[in-house]
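Structure first, then comments.
What follows is the structure in C-alpha cells.
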C-alpha cells in the first residue's frame, strides 16, 4: 500500500520532515510522564465533544486532511490520517497523528507526537513530545512559535460551533516557505 521514497527528490523537504517520526520509531521521552496533576479547584461547564476552544473536549479519534503548499520547492503535498487525543494520568492530553503523505503518487507513512498541557492559570499550550514548548493553544487568534531564523505563525479556527476545526501554519525562513492547512473532524 505504501512505497518508500526512491530518492532525495521524492522525500519531503527538511522543513516538512522535522515534526514527523517514522512509524515504529521510539518517540522521545515525555516530560512528566509519571507525575499526577491535581484536579482544578473550579468546575468548568461541560462542552460538547470537539469544541476546539477547550482541548479537554478533544479526546477521541479524529480524521485529518492536511495540505502543504511548499512554495520553495513549488509543490503541493497532501497528508490524510487520524489524530488521537488521549488524556494522560498527569493531566496532559497526548496528541498523536498517523497518516499517509502523498507526494504525487508515492505514499509515505508519517507520524507526529505532541502534548496539550494546561498551566496553573488554566491556559492550554502545545508541547513537542519531549516537553519543549511549541505554542499556546488559542482559538481564532494568531500564535507564534519562536524558532529563529524561521518564522512560524499559526492559527486554530473553530468552524462555527461545529466539531470540526482547522489549524493553519505559515512558515518562512532561509530554507522554508510553506503554508500548511489541516482540517480535523471527529470520526463517527
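Numbering (the UniProt record's numbering), first residue to last: 1 to 188. Backbone N, C-alpha and C fix where the C-beta goes; we use that ideal spot for every residue, glycine too. Note that this is a predicted model, so its numbers are computed, not measured.
**Asked** What residues in its chain sit with their C-beta under 6 angstroms from that of residue 76, if we drop five residues either side in the sequence?
**Response** Residue mapping note: residue 76 aligns to position 76 of the chain shown, counting from 1. Non-local beta-carbon contacts of residue 76 in its own chain, meaning distances under 6 angstroms to residues more than five positions away in sequence, involve 69 in chain order.
**Item:** Nearest-angstrom Cβ-Cβ length linking residue 187 and residue 61, presumed shorter than 8 angstroms
**Value:** In the chain shown, residue 187 corresponds to position 187, counting from 1. In the chain shown, residue 61 corresponds to position 61, counting from 1. Contact holds; Cβ gap of about 5 angstroms.
**Request:** Using the Cα positions of residue 150 and residue 170, report the straight-line distance between them to the nearest angstrom.
**Result:** Taking the first residue of the chain shown as position 1, residue 150 is located at position 150. Taking the first residue of the chain shown as position 1, residue 170 is located at position 170. Rounded to whole angstroms, residue 150 to residue 170 spans 10 angstroms at the Cα level.
**Backbone CA spacing between residue 96 and residue 114 [nearest angstrom]** = Taking the first residue of the chain shown as 1, we reach residue 96 at position 96. Taking the first residue of the chain shown as 1, we reach residue 114 at position 114. Distance between the alpha carbons of residue 96 and residue 114: 6 angstroms.
**Item:** Close Cβ partners of residue 66 (< 6 angstroms) along its chain, the five nearest in sequence each way excluded
**Value:** Here residue 66 corresponds to residue number 66 of the chain shown, with the count starting at 1. Around residue 66: 79, 182.
**Prompt:** Does the beta-carbon of residue 142 have 16 or more other beta-carbons within 10 angstroms, so that it is buried, or is it exposed?
**Reply:** Within the chain shown, numbered from 1, the residue matching residue 142 stands at position 142. Exposed.
**Request:** Put residue 55 into one of helix, strand or coil per three-state DSSP.
**Result:** Stepping through the chain shown from its first residue, residue 55 is reached at position 55. Helix at residue 55.
**Asked** Relative to the C-alpha of residue 103, which residue among 74, 91, 55, 133 is closest?
**Response** The count along the chain shown starts at 1 and reaches residue 103 at position 103. Of the residues 74, 91, 55, 133, the one whose Cα lies closest to the Cα of residue 103 is 74.
**Item:** Three-state secondary structure (DSSP) of residue 30
**Value:** Within the chain shown, the letter at position 30 stands for residue 30. Any reading at residue 30 is ruled out, since the residue's pLDDT is 33, under 50, leaving its predicted position unreliable.
**Prompt:** According to DSSP, what are the bridge partners of residue 91?
**Reply:** In the chain shown, the residue the question calls residue 91 occupies position 91. Partner(s): none; residue 91 has no beta bridge.
**Request:** For residue 100, write down the residues that DSSP places opposite it in a beta bridge.
**Result:** What you label residue 100 is simply residue 100 of the chain shown in a count that begins at 1. The beta-bridge partner set that DSSP reports for residue 100 consists of 80, 109.
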